[in-house]
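Everything below concerns the one structure shown next.
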Amino acid sequence: MGYKEVYEAWQQDPDAFWMQAAEAIDWVEKPSKALFDDNAPLYEWFKDAQVNTCYNAVDRHVEAGNGARTAIIYDSPITGIKQKISYAQLRSRVARLAGALRARGVEKGDRVIIYMPMVPEALEAMLACARLGAVHSVVFGGFAAHELAVRIDDCTPKAIIAASCGLEPGRVVHYKPLLDGAIEQAEHKPEFCVIFQREEEVAHLEEGRDHDWHAFQYGVQPAECVPVEGDHPAYILYTSGTTGAPKGVVRPTGGHLVALNWTMKNIYNVDRGDVFWAASDVGWVVGHSYICYGPLIHGNTTVVFEGKPIGTPDAGTFWRVIEEHNVRSFFTAPTALRAIKREDPKGLLLRDYDISCLRALYLAGERADPDTIEWAQREMGVPVYDHWWQTETGWAIAGNPAGIEALPVKIGSPTVAMPGYDVQILDEGGHPMKPGELGAIAVKLPLPPGTLPTLWNAEERFRKSYLTTFPGYYETGDAGMIDEDGYLYIMARTDDVINVAGHRLSTGAMEEVLAGHEDVAECAVIGVSDALKGQAPVGFLCLNSGVDRDEAEVVKEVVKRVRDQIGPVAAFKLAVVVDRLPKTRSGKILRGIMVKIADGQDYKMPATIDDPAILDEIKVALQRLGMAK
Ligand code: COA
Ligand code: AMP
657 MGYKEVYEAW
667 QQDPDAFWMQ
677 AAEAIDWVEK
687 PSKALFDDNA
697 PLYEWFKDAQ
707 VNTCYNAVDR
717 HVEAGNGART
727 AIIYDSPITG
737 IKQKISYAQL
747 RSRVARLAGA
757 LRARGVEKGD
767 RVIIYMPMVP
777 EALEAMLACA
787 RLGAVHSVVF
797 GGFAAHELAV
807 RIDDCTPKAI
817 IAASCGLEPG
827 RVVHYKPLLD
837 GAIEQAEHKP
847 EFCVIFQREE
857 EVAHLEEGRD
867 HDWHAFQYGV
877 QPAECVPVEG
887 DHPAYILYTS
897 GTTGAPKGVV
907 RPTGGHLVAL
917 NWTMKNIYNV
927 DRGDVFWAAS
937 DVGWVVGHSY
947 ICYGPLIHGN
957 TTVVFEGKPI
967 GTPDAGTFWR
977 VIEEHNVRSF
987 FTAPTALRAI
997 KREDPKGLLL
1007 RDYDISCLRA
1017 LYLAGERADP
1027 DTIEWAQREM
1037 GVPVYDHWWQ
1047 TETGWAIAGN
1057 PAGIEALPVK
1067 IGSPTVAMPG
1077 YDVQILDEGG
1087 HPMKPGELGA
1097 IAVKLPLPPG
1107 TLPTLWNAEE
1117 RFRKSYLTTF
1127 PGYYETGDAG
1137 MIDEDGYLYI
1147 MARTDDVINV
1157 AGHRLSTGAM
1167 EEVLAGHEDV
1177 AECAVIGVSD
1187 ALKGQAPVGF
1197 LCLNSGVDRD
1207 EAEVVKEVVK
1217 RVRDQIGPVA
1227 AFKLAVVVDR
1237 LPKTRSGKIL
1247 RGIMVKIADG
1257 QDYKMPATID
1267 DPAILDEIKV
1277 ALQRLGMAK
């Protein structure tokens, strides 16, 4: 069957399609059907089943006689460590850690925050939670203490599992003081913490609260897998929304297992035992789905890479890893390739390596620009598949179904909708638009298995954020179009979310931090085009009247404030002081036009603008930053 037939088979009988995909999962009790729609527009999948994620990701491969197969390859050019962990070893490590957590009272449904860098122990912590039916929430290491505190208060974890430090090129990220600071700031206090002490930094342990990772597991009874219901939350992953309060995306257990397993062959085209590598971070959805769960559920070998595309030690690192570990399918963000291309435009470093084992490159996380795709196609000599998805969906909404049928690549398009997704382009009134017309991208409900059923503790926000604008649809927050051949094009966000180096960030959250500075009366943050990172945030500050300070000082302070409160990952480095912000007569800041001015694009003067002269002032301010040429 080709893509068209598979997609039609899903359209004709979605339940049969997903029940068939569900046969690849080992259930404790099989589901009686796939979709539960009694609470529409909230949907559940495989709700009446009993299953365990860790069993499917680890134990079943050992029981099937594949215990000696490598589950995880840890390759850390930052520390020089390379290590292989077999499925059998992974099972005993995870069972022991789960046993230790259970001995301290962690049970099904309890939340556990994981704050760890790219080490295998991060995956073990995730799997140990899954083994017990505990709900993990991994927090990315590039966030500051305040962001961690917000997550602690929202998901109220019984325990936090962290590492003593992370390693960025030339800099040790001191996780433990960040963790201590976050616990101090948060109203909710975890009962205990487990700290994985890395050789690079041994952290101080708080007597009575903190336990050393190894000592904590000494002499405990390993834990068996605890069956959970199909709709039990597997994890919560916070992502940026319009405001400073992150959204806690809930991932349901049954659908997650079925969908991720389906994607490994049908999208990523790997067979059991093949090596699959996603060069992302466990703190992002790509890391959840394709460093940890997807490859392991499907019985692949996954690569945990602790390094950067450049500088660890050079722009040939990715090629070395692909050759050395025999990587079949490779997934990264376009930014990473742009960084490599900038250092090694002619791909000279590629010639030192034999990457003939690689079958395809997959890109996602941000718009893949044509130059980067063409460069990768030419230099790497493999098909380059852009695919589009979100934290909310957990797997590709649109992609090239290479394992079913490799469709012709159209540069600039992440190809076609995956089975499960009825993607439509809607106008402001919610009416479907014609091929080639630009509109809001929406997905007809229900979303497929594995996608978010709700937001943690925030059902109303879930409905308002995703289900209200277009009744009967899920609002993706992206705008784009579909061409005559059904190929989708993603053009821009319709909200204030920006994408910096493949990292999803909220300009609203940054504005909240700037507005908190005592001298700032009003502010705006926009995402301007950046050759390396896709977008970069720029802040505009209006100071309180009477403030007579060196503007550069205020800028320095707000830059530090964002770094301290949101984290280095915000990459907030540029801000200017202006007298006024351009607004509509009703007071709405015209951020879209400011972006166009910064990027040197044409714009139409809105009829509702309060005072057009302000746009010239903005242009001058941006020119001071080297933009708006
Ligand atoms: N822990 C702590 N700090 C982190 C971090 C982490 N896990 N990840 C990034 N940071 C820090 C960086 O050190 C940097 O700090 P600095 O301001 O002191 O230099 C800051 O956050 C911004 O990081 P980033 O935007 O990633 O820029 P960079 O200049 O360090 O690196 C790239 C540029 C292109 C090499 C890098 O962004 C990259 O590899 N991108 C790929 C992104 C990706 O895989 N995204 C996942 C979605 S698929
Ligand atoms: P995240 O939730 O961090 O994965 O970010 C999701 C958002 O990133 C999407 O809503 C898009 O705006 C953007 N995005 C992800 N993949 C792509 C892609 N292939 N092309 C264009 N934008 C993308």
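If you read the sequence shown in our numbering, its first letter stands for residue 657, the second for the next number, and so on. Positions of the beta carbon are idealized from the N, C-alpha and C atoms, including for glycine.
Residue environment: residue 1085 is assigned as exposed (fewer than 16 neighbouring CB atoms within 10 Å of its CB, all protein chains considered). Taking the Cβ atoms as the reference, residue 984 lies roughly 5 Å from residue 1015, within the contact range of under 8 Å. Per the C-alpha coordinates, the member of 1260, 901, 819, 1249 positioned closest to residue 1278 is 1249. In the structure shown, residue 1149 falls within a strand segment according to DSSP collapsed to helix, strand and coil. A Cβ-Cβ contact shorter than 8 Å links residue 1235 with residue 1198. For residue 891, the enclosing beta strand (DSSP E) begins and ends at 889 to 895. For residue 1192, the beta-bridge partners assigned by DSSP are 1184. Of 1191, 1182, 1239, 1102, the smallest CA-CA separation from residue 694 is found for 1102.
Between the ligand AMP and residue 708, a heavy atom-to-CB distance of less than 7 Å is absent.
A direct Cα-to-Cα measurement between residue 971 and residue 1005 gives close to 7 Å. Residues of the same chain with a CB within less than 7 Å of the CB of residue 1177, apart from the 5 flanking positions on each side, are 1198, 1199, 1200 in chain order.
Remark: C-beta atoms of residue 820 and residue 853 approach each other more closely than 8 Å.
About 6 Å separates the CB atoms of residue 939 and residue 795; that is less than 8 Å, so the two are in contact. Per DSSP, the beta-bridge partners of residue 1178 are 1198. Closest in C-alpha terms to residue 1156, from the list 1228, 836, 988, comes 1228. Membership of residue 746 in the alpha helix (DSSP H) is indicated by the continuous run 743 to 759. Residue pairing by DSSP places residue 852 opposite 819 in a beta bridge.
In this structure, residue 916 lies away from residue 714, with their beta-carbon atoms at least 8 Å apart.
If you draw a straight line from the Cα of residue 848 to the Cα of residue 818, it is about 11 Å long. Taking a C-beta distance under 8 Å as the contact criterion, residue 882 and residue 703 do not qualify as a contact pair. Fully contained in the stretch 1213 to 1257 are the following alpha helix (DSSP H) runs of length 4 or more, in chain order: 1247 to 1254. Buried is the label assigned to residue 907, since at least 16 other Cβ atoms lie within 10 Å of its Cβ.
Closest in C-alpha terms to residue 893, from the list 879, 746, 943, comes 943.
Assigned with DSSP and collapsed to three states, residue 1261 falls in coil, not helix or strand. The C-beta distance from residue 717 to residue 955 rounds to 5 Å, short enough to meet the 8 Å contact threshold.
Closest in alpha carbon position to residue 838, among 816, 823, 858, 855, is 816. Relative to the non-hydrogen atoms of the ligand COA, the Cβ of residue 1159 comes within a distance shorter than 7 Å of at least one.
Secondary structure of residue 804 (DSSP, three-state): helix. Bridge pairing for residue 738: 731 [DSSP]. Residue 1000 is bridged by DSSP to nothing; it lacks a bridge partner.
Setting aside the 5 residues that flank it on each side, residue 732 is surrounded in the same chain by 962, each with a C-beta closer than 6 Å to its C-beta; the list follows chain order. Per DSSP, the continuous alpha helix (DSSP H) segment holding residue 1117 begins and ends at 1115 to 1118.
Taking a contact as a CB-CB distance under 8 Å, the pair residue 1095 and residue 912 does not count as one, their CB atoms being some 30 Å apart. When the Cα atoms are used, residue 774 and residue 937 turn out to be separated by approximately 6 Å.
Straight-line measurement puts the Cα of residue 1182 at about 34 Å from the Cα of residue 1039.
Within its own chain, the residues whose Cβ lies closer than 7 Å to the Cβ of residue 1221, once the five positions on either side in sequence are excluded, are 800, 802, 1169, listed in chain order.
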